[in-house]
Amino acid sequence: MFRWRKKLSVGLTIGLSLVLSLVLIPTLTAQEIEPVTILMPAPFADSTRDLVKDFNQKYEKSIHLDVIRGPLETEAISDLAISSLLLGDTPFDALLMDITWLPKYARAGWLEALDNGFDESDINDLTNGAQLGNNYQGVLYRWPLVADIGLLFWRTDLMEKPPSTPDELVAVSRNLQNNKKVPWGYVWQGRQYEGLSCVYLEMIDGFGGNWFNPDRGTFGLDQKPGVNAAQWLTDLIQEGISPEAVTNYAESETLQSFKSGDSAFMRNWPYAWAELQKEDSRVRGKVGISTMVAAPGASPASTVGSWGFSLLKGSKHKEAVIEAFKFLTSKESQLKMFEEYGYTPTLKSIYEDPIMLEKYPYIIELYKALKVGRMRPETPVYAQLSDVLQRNLSESLTQELTAKISMKNATSTSEQIMLAAGGLMK
Amino acid sequence: MTVVYLLIPAFLLLASVFGLPLLRYAWLSFHADSVLTGLQPIANDGANWLRLMHDQRYWQDLIQTLRFAFASVGFELLLGLAIALLLHQPMRKRGLIRSAALIPWALPTTVMALGWRWIFNTPYGPIDQFTSLSGISLNILGNPSFAWIALVYADVWKTTPFVALILLAGLQSIPNDLYEACTLEGASSFTCFRKITLPLLKPYLGLAMTFRLAQAFGVFDLVQVMTGGGPASSTESLALYAYWNALRFLDFGYSATIMIASFVLLSTIVAFGWWLMILLNQRGSMAVTE
Amino acid sequence: MKLKSASIILLLAWSLAPLLWQLYTSFSTDQALVTPFETMANRWTLEHYRSVISANPPFFLYLINSLFVGILATLLTLIIALPAAYSLSKLSTTKSNLIRIILVGCALFPYVLLFLALLEIARALSLGNNLFALALPYTALSQPLAILLLGSAFTSIPPELDDAARVEGLTLINRFRWIYIPLLAPAIASTAILVFLFSWNEYPIALTWISETSKLTLPVAMARIAGSSIHSVPYGAYAAATVLGAIPLILLVIVFQKPIVSGLTSGAVKG
Chain A
1 MFRWRKKLSV GLTIGLSLVL SLVLIPTLTA QEIEPVTILM PAPFADSTRD LVKDFNQKYE
61 KSIHLDVIRG PLETEAISDL AISSLLLGDT PFDALLMDIT WLPKYARAGW LEALDNGFDE
121 SDINDLTNGA QLGNNYQGVL YRWPLVADIG LLFWRTDLME KPPSTPDELV AVSRNLQNNK
181 KVPWGYVWQG RQYEGLSCVY LEMIDGFGGN WFNPDRGTFG LDQKPGVNAA QWLTDLIQEG
241 ISPEAVTNYA ESETLQSFKS GDSAFMRNWP YAWAELQKED SRVRGKVGIS TMVAAPGASP
301 ASTVGSWGFS LLKGSKHKEA VIEAFKFLTS KESQLKMFEE YGYTPTLKSI YEDPIMLEKY
361 PYIIELYKAL KVGRMRPETP VYAQLSDVLQ RNLSESLTQE LTAKISMKNA TSTSEQIMLA
421 AGGLMK
Chain B
1 MTVVYLLIPA FLLLASVFGL PLLRYAWLSF HADSVLTGLQ PIANDGANWL RLMHDQRYWQ
61 DLIQTLRFAF ASVGFELLLG LAIALLLHQP MRKRGLIRSA ALIPWALPTT VMALGWRWIF
121 NTPYGPIDQF TSLSGISLNI LGNPSFAWIA LVYADVWKTT PFVALILLAG LQSIPNDLYE
181 ACTLEGASSF TCFRKITLPL LKPYLGLAMT FRLAQAFGVF DLVQVMTGGG PASSTESLAL
241 YAYWNALRFL DFGYSATIMI ASFVLLSTIV AFGWWLMILL NQRGSMAVTE
Chain C
1 MKLKSASIIL LLAWSLAPLL WQLYTSFSTD QALVTPFETM ANRWTLEHYR SVISANPPFF
61 LYLINSLFVG ILATLLTLII ALPAAYSLSK LSTTKSNLIR IILVGCALFP YVLLFLALLE
121 IARALSLGNN LFALALPYTA LSQPLAILLL GSAFTSIPPE LDDAARVEGL TLINRFRWIY
181 IPLLAPAIAS TAILVFLFSW NEYPIALTWI SETSKLTLPV AMARIAGSSI HSVPYGAYAA
241 ATVLGAIPLI LLVIVFQKPI VSGLTSGAVK G
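Protein chains in written order, with this note's numbering: chain A, 1 to 426; chain B, 1 to 290; chain C, 1 to 271.
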């Protein structure tokens with residue numbers, strides 16, 4: 001009887017102390033270690049995994065960084081971020097943002113300025129393309145992780161050098177197709193989504209035009225270069241240079257087609273380079289990159305599509321978050337991301353490093369493209385403008401309307417949107 | 001003793017999910033509330049409604065939504081009737097066969113929407129593989145003329161079992177001696193079907209139609225996952241447009257305007273259909289009593 | 001006779017073929033998916049299932065979340081709808097008809113149009129990312145159907161039975177406990193299953209109320225998987241997810257076929 005009681009009390013004491021320690025230890029340690037959470041699209045979450053591990057080792061005593069692996073598609077991750085922000089209960093301190101979201105998020109008042117974390121000399125270290133799209137109304141809200149840029153991929157086994165004008169691209173493609181070297185000439189992103197706006201921006205600039213002129217507030221879609229760009233893309237499908245299915249292609253379908261050797265050219269982002277050098281690629285070692293084609297007299301243009309970190313207003317760990325940004329965007333991290341995953345570095349010094357140039361001669365092409373990087377319209381209503389463009393351009397690509405009429409419609413709707421916005425922008 | 005108070009909790013709930021939102025939309029539709037106003041409502045004198053009038057995209061989406069709804073409900077009624085007639089027959093393993101027929105209806109829409117995206121994929125999906133044997137690639141989800149048909153197909157696949165079950169209930173309510181009398185008079189089975197089954201089934205057909213039309217007008221899940229509204233917005237529905245306006249464009253004032261306008265338009269159509277059905281039923285029952 | 005068996009086979013093929021195709025896809029290697037008519041050594045694989053199950057968070061979590069919300073919403077719906085339906089059956093014909101019309105109107109409402117206002121409610125009351133809270137709109141949206149179904153079941157109880165119970169001095173709660181609930185068990189079962197299916201499958205509200213990955217319900221998780229793979233053609237993994245997501249419901253339909261059918265059909269007969 002007595003013994004039994006003793007056992008019970010010993011058991012109880014052990015149990016109680018266990019419970020107490022389980023409750024106390026995390027609360028005690030929590031005071032020292034700041035938890036930081038960043039939302040990233042799936043590919044970035046995967047490719048930064050090692051860096052995050054290194055970071056957590058380095059800051060073992062002070063910060064713990066967690067990455068939420070979001071969806072892959074740009075729209076899907078934006079929907080997720082926005083619905084969290086609208087709910088007012090964001091389970092993350094920061095997020096990796098696409099370049100086109102910034103004005104909208106900043107205007108909605110969701111972002112914290114980064115001016116304290118990064119200064120003028122940090123900005124000067126960035127390449128031209130990476131300097132774009134980080135500010136809204138003169139305030140720095142975003143720090144780039146990768147400098148994404150639109151590129152033309154071409155097959156080194158099928159031609160000596162890449163074409164430089166749209167006509168040349170068509171001629172080379174047709175020749176190769178006629179000789180049964182490839183089933184298709186050129187694959188690109190023709191689905192009605194953001195990728196289509198990027199493709200179009202490169203072409204309208206490449207024909208010497210302008211999507212949106214922020215100084216005058218005018219649209220150039222229905223001007224000659226704008227219509228030419230839409231017409232050229234439509235003709236690619238019409239004349240069989242591009243498969244009809246490009247009207248439903250996003251990046252991954254495009255890559256799939258080019259990777260299996262079905263096409264002579266592809267428009268894609270730098271990440272594709274690494275994918276094309278993998279073992280299952282049928283074009284491994286036979287790929288070159290170049291800036292997008294441009295009409296004679298016009299300068300080639302590449303859409304800037306970089307991803308960068310932004311800090312959310314509600315975060316309770318601002319300094320720790322900036323610490324994490326700095327670590328993840330440092331030169332060492334950039335090199336790792338580049339060598340392992342092919343992500344385009346943001347720092348000038350990497351492109352000017354002779355050892356790098358010797359080891360990866362193709363980065364000179366990336367550097368060139370970054371120098372002609374172009375921004376999509378920088379306004380909080382960009383999503384609407386892009387949507388209008390995609391929708392109307394899609395109608396041209398699928399032959400519902402002529403290029404001219406579709407671009408006219410796009411212009412008038414875009415003007416209405418800016419007009420409606422204008423009254424509220426003051 | 002009155003027991004009305006037992007209805008109160010249910011009606012409080014209904015008021016908070018149906019009444020409040022509708023009032024809120026009506027109010028919001030007269031305000032600018034978007035990213036440009038810093039997500040704060042500012043009265044704008046009906047500018048949203050003016051914009052809606054001139055918004056081609058809204059009217060195109062309305063037409064597309066109606067096209068989708070009428071096409072899918074039409075096929076569902078036809079196919080549902082055929083399936084109901086079949087399931088009404090005595091057969092072995094009826095329970096199992098009914099379960100199998102019910103499965104499409106029970107699965108979450110998003111689950112199979114993904115599946116359909118793969119089945120209609122160009123060039124690797126089975127449909128395209130099949131048609132390309134004869135040298136044709138339809139590029140179904142990439143072509144504005146076909147994509148909406150793929151959506152209708154997916155919707156018909158999913159909701160026909162529901163229609164079939166309602167019609168089955170109707171068939172079971174028809175007394176057998178009516179058929180016996182009919183066949184005794186020497187009429188063919190088709191004549192019996194036309195003279196007896198169809199008129200008596202009318203209320204059920206009407207019920208299934210109204211219910212399904214109302215649901216089809218709000219089509220959202222299927223479109224969002226299967227096509228995202230593309231290509232060339234040819235599959236965008238009103239609900240999806242309202243959703244984009246709210247979550248992508250952060251324009252709540254306009255999104256609310258779209259929703260309340262759509263609600264009024266669509267419920268007018270449903271009410272009209274209901275009224276038409278009552279009218280037809282009166283005629284139908286008169287024909288039977290004659 | 002032959003025609004009948006042929007039509008049955010046709011019906012089964014129509015209903016099940018897309019699912020079987022998903023099943024086939026889920027076991028095929030990516031290589032096999034892009035070159036369908038070629039024979040190859042590594043034709044079959046379990047890789048897709050492995051990747052779906054070992055994902056973070058594991059796929060089963062979504063099933064558990066959906067199950068939780070479904071059961072909670074079903075219970076809440078019954079607790080509120082049963083008394084309401086009882087009360088409806090006691091009202092005068094004009095009053096109860098008026099209420100029925102309101103309920104039918106609500107049931108016909110394309111509820112997806114409510115998402116924006118519901119999102120605002122969730123924000124105002126901090127109901128986001130909470131599975132308990134998510135059951136509330138489901139309960140509310142299920143009321144019309146549940147009250148209509150149960151209400152017509154209540155009218156089928158003979159009034160003498162009710163009177164006898166009152167004479168015995170049974171309170172309302174006791175009458176529910178000993179008379180109504182046992183008598184209405186089949187109708188309750190049908191209602192419960194229909195409400196459960198609705199909650200399990202609901203998409204737009206779950207999409208806007210839940211943003212944390214670990215709290216997603218199955219339909220939203222499925223839609224998100226669509227965009228989260230980094231494979232070029234990720235349909236193998238999608239297919240594995242559709243198969244895993246479909247199995248619980250297929251089992252449910254096979255086990256509860258009778259109450260589902262009677263719920264839908266009695267709704268049609270009396271509604």
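Positions of the beta carbon are idealized from the N, C-alpha and C atoms, including for glycine.
Could you tell me how far apart the beta carbons of residue i and residue j are, in whole angstroms, since I believe they sit closer than 8 angstroms?
i: F258/A; j: V187/A; result: 6 angstroms
i: A164/B; j: A101/B; result: 7 angstroms
i: A261/B; j: L113/C; result: With 8 angstroms as the limit, A261/B and L113/C do not qualify as a contact, their Cβ atoms being about 10 angstroms apart.
i: S211/C; j: L201/A; result: Wrong, their Cβ atoms sit about 31 angstroms apart, outside the cutoff.
i: R123/C; j: L236/A; result: Actually they are not in contact, since the Cβ atoms of R123/C and L236/A sit about 46 angstroms apart, beyond 8 angstroms.
i: P91/A; j: S84/A; result: 7 angstroms
i: S406/A; j: E395/A; result: 5 angstroms
i: L131/C; j: V69/C; result: 5 angstroms
i: V270/B; j: T210/B; result: 6 angstroms
Locate the alpha helix (DSSP H) running through residue i, then write down its first and last residues.
i: S189/B; result: 189 to 192
i: A214/B; result: 198 to 217
i: W157/B; result: 144 to 173
i: R50/C; result: 47 to 53
i: G236/C; result: 235 to 255
i: E60/A; result: Per DSSP, E60/A belongs to no alpha helix (DSSP H) and is neither H nor E.
i: T208/C; result: 204 to 209
i: T37/A; result: Here T37/A belongs to no alpha helix (DSSP H); instead the beta strand (DSSP E) covers 34 to 41.
i: G70/C; result: 59 to 90
i: I188/C; result: 185 to 201
i: S137/B; result: Taken as a continuous stretch (DSSP letters only), S137/B belongs to no alpha helix (DSSP H), as it is neither H nor E.
i: G288/A; result: Run containing G288/A: none in the alpha helix (DSSP H); it sits in the beta strand (DSSP E), 287 to 290.
i: K104/A; result: 102 to 107
From this set, the options, which residue's C-alpha is nearest residue i's C-alpha?
i: S34/B; options: L247/B, L222/B, L266/B, L280/B; result: L247/B
i: Q64/B; options: A232/B, A271/B, F252/B, D251/B; result: A232/B
i: L67/C; options: H48/C, I147/C, S199/C; result: S199/C
i: P105/A; options: F272/B, L39/B, I269/B; result: The sequence shown places Tyr at residue 105/A, rather than the Pro named in the question. Selected option, being the one with the closest Cα: L39/B.
i: E168/A; options: M407/A, P296/A, E365/A, E352/A; result: P296/A
i: L88/C; options: L6/B, R194/B, T227/B; result: L6/B
i: A55/C; options: A113/A, A324/A, G70/A, H64/A; result: G70/A
i: L385/A; options: P354/A, K359/A, A421/A, S396/A; result: A421/A
i: G105/C; options: I147/C, L251/C, L61/C; result: I147/C
i: A239/B; options: I260/C, I205/C, I250/C, F256/C; result: I205/C
i: A135/C; options: L184/C, N201/C, Y235/C, R43/C; result: N201/C
i: P259/C; options: F60/C, V195/C, N42/C; result: V195/C
i: L250/B; options: V52/A, W101/A, S414/A, V36/A; result: W101/A
At what residues does the beta strand (DSSP E) containing residue i begin and finish?
i: D98/A; result: 94 to 98
i: T48/A; result: Looking at the DSSP string, T48/A is not in any beta strand (DSSP E), and its letter there is neither H nor E.
i: V187/A; result: 184 to 187
i: R155/A; result: 151 to 155
Who pairs with residue i in a beta bridge, going by DSSP?
i: S310/A; result: L95/A
i: F272/B; result: None, per the DSSP bridge assignment.
i: W44/C; result: S28/C
i: F219/A; result: F212/A
i: S302/A; result: G373/A
Exercise for the section: Kindly provide the ranges of any beta strand (DSSP E) runs that are 3 or more residues long and lie completely inside the region 45 to 129 of chain B, ordered along the chain. Expected result: none
Handout entry: Complete runs of the alpha helix (DSSP H) confined to the region 231 to 273 of chain A [at least 4 residues]
Key = 251 to 259
Problem - Secondary structure, alpha helix (DSSP H): runs of 4+ residues fully inside the region 316 to 388 of chain A - result: 318 to 328, 331 to 341, 348 to 351, 354 to 359, 363 to 371
Problem - Every unbroken alpha helix (DSSP H) inside the region 112 to 182 of chain A [4 residues or more] - result: 120 to 124, 128 to 131, 166 to 178
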